[in-house]
Each structure stands twice: as C-alpha cells, then as structure tokens.
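Numbering (my numbering), first residue to last: 1 to 226. What follows is a set of notes on a single structure, which appears directly below.
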C-alpha cells in the first residue's frame, strides 16, 4: 500500500463505503481485486475501482506522468491515435509496469463491453489499444528479428515516451513480437471478447495502419501532471 496526501478533484465515480474507519476502508479495498485506490477523509471512505478511475500516475524521478486511454467511435491508425493524444496536449505512451498494463486492460474492457458494434460480429475478436513502440531501423524484417537478440522483445523498438525505463508492462502474447511478413512495426494491446482467450490483455506487433482482427478503438496517452 502507498499513502498519498493531497486534494482530489472529484470522487463522483467512486463508491461511498459508508464507513469512517480507516482500517476497514483499506481492508475492504484489499479484498476487492477491482479496487484501485481508497479516498479517506475524517468522515468518509470511498473506493475507486478499475474502470472508474480515468487516469493513473507514474513517477520517473523528476515528474509525475498521467496516463489515460482515449477512445474513438471508429477505428484509428497509429498515426491517428498519436494525433488524438496531441489533441489533448499528450503523447502516445507506453507501459512501465504490470500495474499500468492492468489499468489499461480493465478500462478498455469496460468500454468494449458497453459498445454495441461488436455484438453479433464474427469478423472481429475484440478491441485493441495502441501502445508506444515503433520498430527500430534494422529490426523490421522477420528473419532478422528471429535471429538477432538486439531486435527481440522491447529491444527491437524505439519509444517516444521518454519516461519509460524498465518497460516491464510489455507483456507480449506467445511468440510475439515477430514482425510477421516484415509489416508489423507498431504495438497494440489486444482485448478479446472471450476473456479466457490466451491473447486477451497481451501485446502484439502489428501494422501501423492495420484494420483487421481487432478493432483499433483505443490509444494510451500520457502527459506531465500539472
């Protein structure tokens, strides 16, 4: 558990737990796997769950960086996703930790389940969220990727998100990223309509303009906290 002191702009999307006992407030959150954080005052305890918290914050020694998934009513390319981030004074961001990966997945799943366009559709497996990462020069061909250690995993990508260091949130799907057919230069997180499908919540490399398999409806944006 980490304790923060400060002011909260709004708790309107959080649940009032009807207790002012700090121990009970924390214990109830620990028992609830969807509880992301608790807000405690002298009079109240609020639980804010994954899917109800719009932003998550990362600290990189010098700055706090707010992360948020933005959505579009239609599919977007990676370039369009980048522009959507810039439209809110943010940039395409990556995944530093598995906590961030879970945050993105849970938020996107809530949006996906509420969307009607997937119902009755057999040509799409679910949604995908654009994540920071573009193939480095020299690491774009499948044969090179498979035979060169420096081109495998996150090492084969450049990142515009300069706050990334460990990149431990890049939880790849089995045998990915593989640069299939020399055309997979960008990164997405896959959210499958079948939650038990092995690719669900995993990352994959794909074409930066891909419109097949998963609907590219989300993009992870990051901005310096003010």
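For each residue, glycine too, the CB sits at the ideal point set by N, CA and C.
| query | Beta carbon of residue 216, beta carbon of residue 76: below 9 Å? | reply | yes
| field | Backbone secondary structure at residue 132 - three-state DSSP | value | strand
| query | Would you call residue 98 buried or exposed, if buried means 16 or more other Cβ atoms sit within 10 Å of its Cβ? | reply | exposed
| query | If you draw a straight line from the C-alpha of residue 129 to the C-alpha of residue 203, how long is it? | reply | If you take the alpha carbons of residue 129 and residue 203, they lie about 9 Å apart.
| message | Quick test of the definition: if touching needs 3 or more C-beta pairs under 8 Å, does the stretch 157-177 touch the stretch 88-105? | response | yes
| message | I'd like to know whether the C-beta atoms of residue 28 and residue 41 end up nearer to each other than 9 Å. | response | no
| request: State the DSSP-derived secondary structure class of residue 190, mapped to helix, strand or coil. | output: strand
| query | Out of 223, 134, 183, 178, which has the shortest C-alpha to C-alpha gap to residue 149? | reply | 178
| query | For residue 16, does the count of other Cβ atoms within 10 angstroms reach 16, so buried, or fall short, so exposed? | reply | Residue 16 comes out exposed.
| How many Å lie between residue 21 and residue 156 at the Cα? | 50 Å
| said: Between the stretch 101-108 and the stretch 136-154, can you find at least three pairs of beta-carbon atoms closer than 8 Å? | reply: no
| field | CA-to-CA distance, residue 191 to residue 47, given in whole angstroms | value | 25 Å
| field | Whether residue 220 touches residue 69 by CB criterion (9 Å) | value | yes
| said: Rounded to whole angstroms, what is the Cα-Cα separation between residue 131 and residue 67? | reply: 11 Å
| query | Which of the three DSSP states, helix, strand or coil, is assigned to residue 201? | reply | coil
| Taking the alpha helix (DSSP H) that residue 85 falls in, what are its first and last residues? | Taken as a continuous stretch (DSSP letters only), the alpha helix (DSSP H) holding residue 85 covers 78-86.
| said: My output table needs one value for residue 184: the three-state DSSP class, helix, strand or coil. | reply: coil
| request: Give a yes or no on whether the C-beta atoms belonging to residue 78 and residue 208 are separated by under 9 Å. | output: In terms of Cβ geometry, residue 78 and residue 208 form a close pair [threshold 9 Å].
| message | Given a cut-off of 9 Å on the beta-carbon distance, is the pair residue 194 and residue 126 in contact? | response | yes
| field | Under the three-state DSSP convention, the category residue 179 falls into | value | coil
| Under the three-state DSSP convention, the category residue 123 falls into | Only weak support is given to the placement of residue 123: the predicted model assigns it a pLDDT of 46, under 50, and the question is left unresolved by the model.
| request: Identify the continuous beta strand (DSSP E) that holds residue 221 and give its terminal residues. | output: 214-224
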